[in-house]
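In the UniProt record's numbering, the protein residues as written are 1 to 287.
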Amino acid sequence: MAVSALRLGAEKLFEMPAVLRRLSRCQSTSQAFAEVLRLPKQQLRKLLYPLQEVERYLAPDRRQDLHLRIFNPSPEDIARAESVFKATEHNRIEYVSSAIRMDHAPDLLRPEVCFIGRSNVGKSSLIKALFSLAPEVEVRISKTPGHTKKMNFFKVGKYFTVVDMPGYGYRAPEDFADMVETYLKERSNLRRTFLLVDSVVGIQKTDNIAIEMCEEFALPYVIVLTKIDKSSKGHLLKQVLEIQKFVNTKTQGCFPQLFAVSAVTFSGIHLLRCFIANVTGNLDLTN
Numbered sequence: 001m002a003v004s005a006l007r008l009g010a011e012k013l014f015e016m017p018a019v020l021r022r023l024s025r026c027q028s029t030s031q032a033f034a035e036v037l038r039l040p041k042q043q044l045r046k047l048l049y050p051l052q053e054v055e056r057y058l059a060p061d062r063r064q065d066l067h068l069r070i071f072n073p074s075p076e077d078i079a080r081a082e083s084v085f086k087a088t089e090h091n092r093i094e095y096v097s098s099a100i101r102m103d104h105a106p107d108l109l110r111p112e113v114c115f116i117g118r119s120n121v122g123k124s125s126l127i128k129a130l131f132s133l134a135p136e137v138e139v140r141i142s143k144t145p146g147h148t149k150k151m152n153f154f155k156v157g158k159y160f161t162v163v164d165m166p167g168y169g170y171r172a173p174e175d176f177a178d179m180v181e182t183y184l185k186e187r188s189n190l191r192r193t194f195l196l197v198d199s200v201v202g203i204q205k206t207d208n209i210a211i212e213m214c215e216e217f218a219l220p221y222v223i224v225l226t227k228i229d230k231s232s233k234g235h236l237l238k239q240v241l242e243i244q245k246f247v248n249t250k251t252q253g254c255f256p257q258l259f260a261v262s263a264v265t266f267s268g269i270h271l272l273r274c275f276i277a278n279v280t281g282n283l284d285l286t287n
């Protein structure tokens, strides 16, 4: 990715008056995000860039091991992404259908992203958080692992489709392997696979199976750490360092930057929305 296109970054983020003036000239859908920018600096940094927040606990010579600023969009870019996820009369965000086999999947031509992860990793909760600007969209969430048994397709206006995949591991559907493997191999409009990893427990053996599938099929994918509100700063940093080392040394198709999110506090949600809008071709950022 051409970092020069994203240079404003976190340091510019905190020049509040100038940033807010520029955002005031954006579309009205950015007004809610302008309110976010009025948060205290430390709270704002934690909300938008949670891993950059824990990065400061590392010694300077260790920070080069992380790749936390490869995707470092400006507040204006993030605001534009918010408008993509905002439901309006002309931007309908809605559930489309579910499928247990590829021949039941809807034939959608728009770019597609899918979310995959272990049962109870917080996949449906994350998707619900991403769709918080469209509260009428029903994303079912259950405390019981393995609630999602089908591939669930959600249309985001004219922009792209989000697919909530069944969880693997505990209580996975019996035909999970056939369903997911076929989807990953055959879905020609799939732009990015988001592999969710629980930040409390890190990468598990079942996660390695999903990683191997993405690598075998030469799919571009991203690791997203969930439930960061349940991890202490020290534990989260330990997991980040271990998973970053794994990505650097054991993968080829994985995006080098990790993303961390909380569906409870919304930390990292705005940045992830921006990244999704970018990889689906709805922002003019170079990826």
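Glycine included, C-beta positions come from ideal geometry on N, C-alpha and C.
Cα-Cα separation between residue i and residue j, rounded to whole angstroms
i: residue 191; j: residue 224; result: 16 Å
i: residue 34; j: residue 83; result: 12 Å
i: residue 123; j: residue 116; result: 7 Å
i: residue 265; j: residue 271; result: 14 Å
i: residue 121; j: residue 193; result: 15 Å
i: residue 279; j: residue 130; result: 15 Å
i: residue 92; j: residue 57; result: 42 Å
i: residue 45; j: residue 37; result: 10 Å
i: residue 168; j: residue 42; result: 36 Å
i: residue 216; j: residue 185; result: 10 Å
i: residue 109; j: residue 160; result: 9 Å
i: residue 49; j: residue 268; result: 6 Å
i: residue 55; j: residue 204; result: 24 Å
i: residue 177; j: residue 239; result: 27 Å
Cβ neighbour criterion (16 or more within 10 Å) applied to residue i
i: residue 248; result: exposed
i: residue 227; result: buried
i: residue 201; result: exposed
i: residue 126; result: buried
i: residue 88; result: exposed
i: residue 32; result: exposed
i: residue 79; result: buried
i: residue 242; result: exposed
i: residue 232; result: exposed
i: residue 86; result: buried
i: residue 208; result: exposed
i: residue 53; result: buried
Residue i versus the options, residue with shortest Cα-Cα distance
i: residue 187; options: 55, 274, 101; result: 101
i: residue 273; options: 132, 232, 92; result: 132
i: residue 152; options: 76, 96, 137; result: 96
i: residue 276; options: 162, 230, 86, 118; result: 162
i: residue 251; options: 283, 211, 268, 52; result: 211
i: residue 293; options: 285, 196, 155; result: Only positions 1 to 287 of the chain appear in this structure, which leaves residue 293 out of reach.
i: residue 179; options: 237, 65, 103; result: 103
i: residue 244; options: 114, 94, 206, 66; result: 66
i: residue 221; options: 164, 157, 114, 236; result: 114
Coarse secondary structure for residue i, derived from DSSP in three states
i: residue 1; result: Only weak support exists for where residue 1 lies, its pLDDT of 41 falling under 50; the value from the coordinates is given anyway. DSSP places residue 1 in coil when its eight states are reduced to three.
i: residue 77; result: helix
i: residue 192; result: strand
i: residue 280; result: coil
i: residue 288; result: The shown model of the chain, from 1 to 287, leaves out residue 288, and the question about it has no answer.
i: residue 158; result: coil
i: residue 59; result: coil
* Asked: Does the stretch 240-256 come close enough to the stretch 66-80 to have 3 or more Cβ pairs within less than 8 Å?
  -> With a cut-off of 8 Å, the stretch 66-80 and the stretch 240-256 count as touching, because enough Cβ pairs lie within range.
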